[in-house]
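One structure is given below, encoded as structure tokens.
2 protein chains.
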Amino acid sequence: MASVQDIAVSAAINLLSALAFLLAFAVLRLQPFNDRVYFPKWYKKGIRSSPKSSGPLVKKFVNLDFKTYLKFLNWMPAALRMPEPELIDHAGLDSAVYVRIYLLGLKIFVPLAVLSFAVLVPVNWTGKTLKNITDLTYSDIDKLSISNVPSGSLRFLAHIIMAYVFTFWTCYTLYKEYSNIASKRLQFLASESRRPDQFTVLVRNIPPDPDESVSEHVEHFFCVNHPDHYLTHQVVYNATKLAKLVEKKKSLLNWLTYYETRFERNPKKRPRTKTGFWGLWGKTVDCIDYYTERIQKISEEEAVERERVTSDPKAIVPAAFVSFKSRWAAAVCSQTQQTSNPTVWLTEWAPEPRDVYWDNVAIPYVQLAVKKLLMAGALFGLTFFFMIPIALVQSLASIDGIKKVLPFLKPLIEREGIKSIIQGFLPGIALKIFLILLPTILMMMSKMEGHTSLSSLERTTAGKYHIFLLVNVFFGSLITGAAFEQLQKFLNQSPSEIPKTVGVAIPMKATFFITYIMVDGWAGIAAEVLRLVPLIMFHIKNTFLVKTEKDRELAMEPGSINIATSEPRIQLYFLLGLVYSVITPFILPFIIVFFAFSYVIFRHQIINVYVQKYESGAAFWPDVHRRVIIGLIISQLLLMGLLSTQDFARSTPLLLVLSILTIWFHRFCKGRFESAFVKFPLQDAMVKDTLEKATEPNLNLKAFLQDAYVHPVFKGIEIDRPAAIDDEENNPLVSTKRNSRRSSKACSGGVTPELILEEVTSYLT
Amino acid sequence: MASVQDIAVSAAINLLSALAFLLAFAVLRLQPFNDRVYFPKWYKKGIRSSPKSSGPLVKKFVNLDFKTYLKFLNWMPAALRMPEPELIDHAGLDSAVYVRIYLLGLKIFVPLAVLSFAVLVPVNWTGKTLKNITDLTYSDIDKLSISNVPSGSLRFLAHIIMAYVFTFWTCYTLYKEYSNIASKRLQFLASESRRPDQFTVLVRNIPPDPDESVSEHVEHFFCVNHPDHYLTHQVVYNATKLAKLVEKKKSLLNWLTYYETRFERNPKKRPRTKTGFWGLWGKTVDCIDYYTERIQKISEEEAVERERVTSDPKAIVPAAFVSFKSRWAAAVCSQTQQTSNPTVWLTEWAPEPRDVYWDNVAIPYVQLAVKKLLMAGALFGLTFFFMIPIALVQSLASIDGIKKVLPFLKPLIEREGIKSIIQGFLPGIALKIFLILLPTILMMMSKMEGHTSLSSLERTTAGKYHIFLLVNVFFGSLITGAAFEQLQKFLNQSPSEIPKTVGVAIPMKATFFITYIMVDGWAGIAAEVLRLVPLIMFHIKNTFLVKTEKDRELAMEPGSINIATSEPRIQLYFLLGLVYSVITPFILPFIIVFFAFSYVIFRHQIINVYVQKYESGAAFWPDVHRRVIIGLIISQLLLMGLLSTQDFARSTPLLLVLSILTIWFHRFCKGRFESAFVKFPLQDAMVKDTLEKATEPNLNLKAFLQDAYVHPVFKGIEIDRPAAIDDEENNPLVSTKRNSRRSSKACSGGVTPELILEEVTSYLT
């Protein structure tokens, strides 16, 4: 058990490393030649461009204005200064809501910390159980924790009351936040400009028809069943192979450029390479000729495949994007059942074009059900039994294992230096590699499950990752032994024993989690802002690949918030905070620092760096809410277990009631808010339709929608920039919608679209 | 433990009593004066009328044609003879599908029994464990059961294989049946004549508006948001008090009629009564004057209340029935979300008018959520702790209890005869009364939960009753001790121990359940056909109240299938069959006899007796399906527990996989079929609309819908016969839709509605 000194040392180390990262960042970001790494978003938006100062060349790369270094933390207040509405316009609702998760953490835990230190710490401190124990497993921190209260003491009443207070405060904050974000989402959807997905429905599982092609079948079906509303549709081609070819061609083109650049710089020597794996073996060839030839070949293949896909009726999958004349009709079609067989003609609100995950658009119903079952089984196996193959690999990767499998290496590995490296490094590396690969594995599993949009893929992956972290990091740290051993143990324990087993371990693990928070939460987040990998990648690309300004644009990798991995990690902090708020309040300040620090860092990142791949309108919030509630319930059950081992089992019914109330609160919130994240209400659709009809009576909607949902490979080389992004880029940041609304009101005074919108809204509600 | 002899005796007794009931029924039903008790449905349909034979008076009351008595079981083949389509026309889909539950039982258990006796009985019989045991707790039946197989024997593999076979057969049968009933339901809905609920949506939680009345608000909202489709609406009055007054007046009128009849028969003595409780005390008055006066008074009250309800805007609740111009529009409105706030303007497909439960139409959202929480808690308490108050009452109802509370009764109750009555009778009576009241209590709880239709009330009550029976009858019989003691025990046992504890008890309780099946399932069902209570009630009413032919019509109480209580009881037989099919196959023939016998009896009853209060189109089937699946999973878990106590724990993973597959099958079926029972698909709506437009272009739909959803009290004295029933009665049975379709095709040869329907359908699908 770590003492206060140990924690102070650890805190100092982590604070220092965090500070080092921040300093490095402060220095690096001021250098003009790093500008595109630390401010890529502004470049993508077209507001910022490469420095064109007329001064000496060195100034173009290195910042020599030393005054700026003094104010190296200046970016922090700057990150906080942008008001939220502007942030939503600038970075999208997803990002703006994502940083609000950290804010939610602050809103929950600051009052909890104050109350804990005001009420529980004195109660614990004066408990004086631990004074009599000379056992070394207790430290000073434990004197502030519930461990210091004698068994069966009435002081536990204070903890139960505080559990109630904390639950009510958390629920209240969650409710306010859910309501706030639901209304932000509705506002966001209402203020959005015309987008193809507002008019479009994704139709899946179109039944085969012997007489008609898919396209004719779709047209007939919707002409009959939505006669006044159907406008047009877009069939979906099975272009997976074509997309692969296009992707490969792009990579070959990159290599060609690389060698051409090398040749230009050193015209005397034509670059040569071997044709085998990674250029290690095989025939030696002239690079430029070789790649030109391969590109030629792949272009031909691509043309053939493109021809096949567009002409072969079998390349059309039984799914289509159907567009309607109004948002109202699209909302109706997406929310209703079309035929008496609920496994065909499935309609759902179409994802925005850049959010579509094309490979999953056409999966038959039965296959989908089987895949979901298999993936559920796989997730269970992965969560509880992942240690088995890793332990196997680890045993192979030991000295003895290597000796057995590869005996000829024996003399090499028995050298002292190499031996120690193998012993110290190899066993851990299998686990490390697995943990790094885990999000990718989980994402592959989600893809197998058949979700049709990138956003839903990320959301379900986050769900899987959350389960994994909960079982293996939280419970795994509390109870030693691999997850499958725990599972075995729990199956043979009574349901009332499980919270006890885990509950007892909690106070003892407080210092461990404090260290964890400092390493992962403080230093880890500070490393995030430095962007070391993109920094290096950009400079490599800039040196070898970039020829034109457009190439440099492509070389920037702004990255994006990865909901799938970062959100479940935040949830771990919520869980720790909620569990320890009653038991060891000493942990709360560390968590608060994490939330505050992350909030600043991520606000800076979404303003200056990240460019989201899609915009789901904060569709992930119901998951965030649910997971905090799960944390809350876990905290209550563990407190229940802990108290019943402290001769205070009388509290069990009280805490059970609290859990039931919490679950009920969750269901209430679900009914109250969730549909705002899933459905498009008819009234809102009607308001937007009416408005549009009034302002643009001659709009040619069909032309607008005709090519919106074409598979990206059919848009030529612009594979990663489909129409919707272009559309957004044509509205540069400087004239945000918010600003334009203000200005239009101020200058014209006539009937603006916004005025009509307000009129209609006020009339309707 | 009962031996084969005991069971034979019990079987003989129960068979004899069942036969006695059947004989009594056979004799009684042939008497003309009982005709209205045993064939009320035909009277209600207007096909049968009172015998008007011209023979001697005695023939009008007693059947003297002795030949007819010889064929006393004739009704059985007659009941089976009516083909199912005709049965659906005659008795409605609800009833026809209800008897199919028994048929499902036969379909599942006949093959199971054959397989069990062919495979498992020989395996068990040759096990020979019990030969060595001289313990008296085992009987010959146990030699056929799994108890006869030695611990750890490989013979258990046969049981596991059969568990798989049985599960697959049950699932296959369930799937076929679900598919069959879903298509029957869709056919039924498609062939239905024009009904108000097809065009109507129930709108609840209409938000208050400061400027407009509820009616205006509804009209404006739907005119704006469903502009081309809105037709009309009907506000809902809070007429609970008025309905009570009307009900009371009806009862007083009955009493007046009774006394008037008495006075007519004995004109010398005017009947007199006391005004107090049940005429036991209070002032003595002249009955006819007294009741005339009271009726006068209550009529005035009723008029005042009626005036108040119709004129006071506060008597209008924030809910309305909104009708649309087409079925398509109603289907759209019921399946979509109207506004961004999902707790207001809630729309759902309207129940048919006679199915509406008026008192629950307007309950605010938050209140509803709270009520559901409270009712869930109450159900839990009722299921597990109902024995506590009953044990209290029982202790009070004992000799000592009475002595303590009412000491003055001491000399009376110490007499030998009275003492034995109290000891033998009183303790049981509290439990009996509770069990009789239980369905009513559960129905009250469902009403509190806020369901808006009688059919959904019955369905949720059935769900509650099922839980109660499962816990208290099935598990309660397996494990001795009250439910709350079991609960206590299970909470302190490990999850893997619970199936063991219960599993071990199963083979031992086989004979108990066989007896239970014979008493409840054989004799009980035979008693059902006799209709003793309605028989007596009818003759009492006929003697004292009936004056006109119409009165006689009202005196008939045909009764109806009570889904809320009978369906969960059938589920108990499914559960017993599934659990014992592998363990003690000897029980299966008894269950098969129950299903076969019930099928015949209930088919007879729905043809000749029961008149359903509403028609939900077999909306209860998803529940039936789910509960059989629950039975299946319980049977697998218990087998798992039993085998792991027999040194065969290796089987646990195998059986767990089976359970997971079963759950997956359930989810698959849910996705595949359930929406057919919940939603109205747009295509089907469109087909019916198109058809109607073609055949009746000048239909005045508004007039048809105007008064459909008026609260029954506003239809004057016809309180229990709202419009929809009248409508049905105007189409007498003889010309069923089926017949008319056949004949119209045969005779006209022109364009009939059915032909158009078929055209449109074949084109669309």
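Chains as they are written, first to last, in UniProt numbering: chain A, 1 to 765; chain B, 1 to 765. Note that CB positions come from ideal geometry on N, CA and C, so glycine has one too.
Go through its chain and collect everything with a Cβ distance to H466 (chain B)'s Cβ below 7 Å, but skip five positions before and after it.
Here the question's residue 466 (chain B) lines up with position 466 in the second sequence. For H466 (chain B), where only same-chain residues beyond five positions count, the Cβ hits under 7 Å are P568, Q571, R627.
Alpha carbon to alpha carbon, what distance is there between V529 (chain A) and I536 (chain A)?
In the first sequence, the residue the question calls residue 536 (chain A) occupies position 536. In the first sequence, the residue the question calls residue 529 (chain A) occupies position 529. Straight-line Cα distance between these residues: approximately 14 Å.
What residues from chain D crowd round P499 (chain B), counting only those whose CB sits closer than 8 Å?
Absent here is chain D; the protein component of the structure consists of chains A and B.
Can the beta-carbon of P318 (chain A) be found closer than 7 Å to that of V201 (chain A)?
Position 318 of the first sequence, counting from 1, holds the residue named residue 318 (chain A). Position 201 of the first sequence, counting from 1, holds the residue named residue 201 (chain A). No, the pair does not count as a contact, with Cβ atoms beyond the cut-off.
Which residues does DSSP list as the beta-bridge partners of K274 (chain B)?
Position 274 of the second sequence, counted from the start, is the residue given in the question as residue 274 (chain B). According to DSSP, K274 (chain B) bridges with B:T284.
Buried or exposed: which applies to A8 (chain B), given that a residue is buried once 16 or more other Cβ atoms fall within 10 Å of its Cβ?
Within the second sequence, numbered from 1, the residue matching residue 8 (chain B) stands at position 8. Flag for A8 (chain B) reads exposed.
Report the option in A:K143, A:K250, A:P83, A:A78 whose CA atom is closest to the CA atom of I583 (chain A).
Residue numbering aside, residue 583 (chain A) sits at position 583 when the first sequence is read from its first letter. Out of A:K143, A:K250, A:P83, A:A78, A:K143 has the C-alpha closest to the C-alpha of I583 (chain A).
With DSSP run on the structure shown, which of helix, strand or coil describes A331 (chain A)?
For the purposes of this step, residue 331 (chain A) is taken as residue 331 along the first sequence, with counting starting at 1. Note: A331 (chain A) maps to helix in three-state DSSP.
If we count the other Cβ atoms within 10 Å of its Cβ and call it buried at 16 or more, is E352 (chain A) buried or exposed?
Taking the first sequence and counting its residues from 1, the one referred to as residue 352 (chain A) is at position 352. So E352 (chain A) ends up on the buried side.
Could you give the distance in angstroms between the alpha-carbon of S559 (chain A) and the alpha-carbon of Q612 (chain A)?
Within the first sequence, the letter at position 559 stands for residue 559 (chain A). Within the first sequence, the letter at position 612 stands for residue 612 (chain A). The residue asked about is misnamed: residue 559 (chain A) is Gly in this sequence, not Ser. So the two alpha carbons sit approximately 8 Å from each other.
Consider the Cβ of residue 838 (chain A): report whether some Cβ of chain B lies at a distance smaller than 7 Å.
Nothing in the structure corresponds to residue 838 (chain A), since chain A is present only between 1 and 765.
With respect to the alpha helix (DSSP H) encompassing I316 (chain B), which residues constitute its N-terminal and C-terminal limits?
Stepping through the second sequence from its first residue, residue 316 (chain B) is reached at position 316. Note, I316 (chain B): premise wrong, no alpha helix (DSSP H); beta strand (DSSP E) at 316–324.
DSSP has H233 (chain B) in a bridge; who is on the other side?
Within the second sequence, the letter at position 233 stands for residue 233 (chain B). Answer is B:V322.
Are the C-beta of K679 (chain B) and some C-beta of chain A separated by less than 7 Å?
What you label residue 679 (chain B) is simply residue 679 of the second sequence in a count that begins at 1. Yes - at least one Cβ of chain A is within 7 Å of the one on K679 (chain B).
How about R459 (chain B) and F620 (chain B): do their beta carbons lie closer than 7 Å?
For the purposes of this step, residue 459 (chain B) is taken as residue 459 along the second sequence, with counting starting at 1. For the purposes of this step, residue 620 (chain B) is taken as residue 620 along the second sequence, with counting starting at 1. Yes, the pair counts as a contact, with Cβ atoms nearer than the cut-off.
For F384 (chain A), return the contacting residues in chain B, with the cut-off set at a CB-CB distance below 8 Å.
The residue given as residue 384 (chain A) occupies position 384 in the first sequence. Ordered by position in chain B, no residue passes the 8 Å Cβ test against F384 (chain A), which lies about 14 Å from the chain.
Does any residue of chain A have a CB that is nearer than 7 Å to the CB of A369 (chain B)?
One-based indexing of the second sequence puts residue 369 (chain B) at position 369. Judged by the 7 Å Cβ criterion, A369 (chain B) is in contact with chain A.
Given this structure, state the Cα-to-Cα distance separating G417 (chain A) from L409 (chain A), to the nearest angstrom.
By one-based count along the first sequence, residue 417 (chain A) stands at place 417. By one-based count along the first sequence, residue 409 (chain A) stands at place 409. For G417 (chain A) and L409 (chain A), the distance between alpha carbons rounds to 14 Å.
Put L144 (chain A) into one of helix, strand or coil per three-state DSSP.
In the first sequence, counting from the first residue as 1, residue 144 (chain A) sits at position 144. Three-state result, L144 (chain A): coil.
Beta carbon proximity, F620 (chain A) to chain B, threshold 7 Å
On the first sequence, residue 620 (chain A) is found 620 positions in, with the first residue counted as 1. Closer than 7 Å: no.
So is W281 (chain B) buried or exposed if we call it buried at 16+ other beta carbons inside 10 Å?
Here residue 281 (chain B) refers to the residue found at position 281 when the second sequence is read from its first residue. Exposed, because fewer than 16 other Cβ atoms sit within 10 Å of the Cβ of W281 (chain B).
Quick one: residues in its chain with C-beta nearer than 7 Å to the C-beta of S10 (chain A), no 5 flanking neighbours on either side, listed in chain order?
In the first sequence, residue 10 (chain A) corresponds to position 10, counting from 1. Result list for S10 (chain A): T515, M518, in chain order.
Tell me the rounded alpha-carbon separation between I634 (chain A) and S581 (chain A).
Working through the first sequence from its first residue, we reach residue 634 (chain A) at position 634. Working through the first sequence from its first residue, we reach residue 581 (chain A) at position 581. Whole-angstrom Cα-Cα distance: 13 Å.
Beta strand (DSSP E) segment containing W349 (chain B), residue limits
By one-based count along the second sequence, residue 349 (chain B) stands at place 349. Element bounds for W349 (chain B): 346–349.
Per DSSP, cross-strand counterpart(s) of R204 (chain A)
Position 204 of the first sequence, counting from 1, holds the residue named residue 204 (chain A). DSSP lists A:L346 as partners of R204 (chain A).
Any idea which residues DSSP pairs V710 (chain A) with across the strands?
Here residue 710 (chain A) corresponds to residue number 710 of the first sequence, with the count starting at 1. In the DSSP output, where bridge partners are listed per residue, V710 (chain A) has none listed.
From F673 (chain B) to D355 (chain B), what distance separates their C-alpha atoms?
The count along the second sequence starts at 1 and reaches residue 673 (chain B) at position 673. The count along the second sequence starts at 1 and reaches residue 355 (chain B) at position 355. Near 24 Å, if we compare the C-alpha coordinates of D355 (chain B) and F673 (chain B).
Cutting at 8 Å between CB atoms, please list the residues of its own chain near A24 (chain B), excluding the five before and the five after it.
In the second sequence, counting from the first residue as 1, residue 24 (chain B) sits at position 24. Closer than 8 Å at Cβ, skipping near neighbours: L530.
Buried or exposed: where does Q367 (chain B) fall if 16 or more other Cβ atoms within 10 Å of its Cβ makes it buried?
One-based indexing of the second sequence puts residue 367 (chain B) at position 367. Answer is exposed; the Cβ neighbour count stays below 16.
G127 (chain B), buried or exposed, once every other Cβ within 10 Å from all chains shown has been counted against 16
The sequence position of residue 127 (chain B) within the second sequence is 127, counting from 1. Buried is the call here.
Which first and last residues belong to the alpha helix (DSSP H) in which K670 (chain A) is found?
As a position in the first sequence, residue 670 (chain A) is number 670, starting the count at 1. Note, K670 (chain A): alpha helix (DSSP H), 651–673.
Can you find a CB in chain A that lies within less than 7 Å of the CB of S446 (chain B)?
Translated into positions along the second sequence, residue 446 (chain B) becomes position 446. False, the Cβ-Cβ gap to chain A never drops below 7 Å.
Cβ of W664 (chain B) less than 7 Å from any chain A Cβ?
Along the second sequence, read from residue 1 onward, the residue named residue 664 (chain B) stands at position 664. Taking Cβ atoms only, chain A reaches closer than 7 Å to W664 (chain B), which makes this a yes.
By the 10 Å Cβ neighbour count, where 16 or more other Cβ atoms means buried, how is I561 (chain B) classified, buried or exposed?
As a first step, residue 561 (chain B) is located in the second sequence; it is residue number 561 there, counting from the start. When all chains shown are included, I561 (chain B) counts as buried.
Measuring CB atoms only, is the region 191–209 of chain B touching the region 654–668 of chain B, in the sense that at least three cross pairs come out at less than 8 Å?
no
If you check the beta carbons only, do R204 (chain B) and L346 (chain B) fall under 7 Å apart?
Numbered from its first residue, the second sequence carries residue 204 (chain B) at position 204. Numbered from its first residue, the second sequence carries residue 346 (chain B) at position 346. In contact: R204 (chain B) and L346 (chain B) (Cβ atoms closer than 7 Å).
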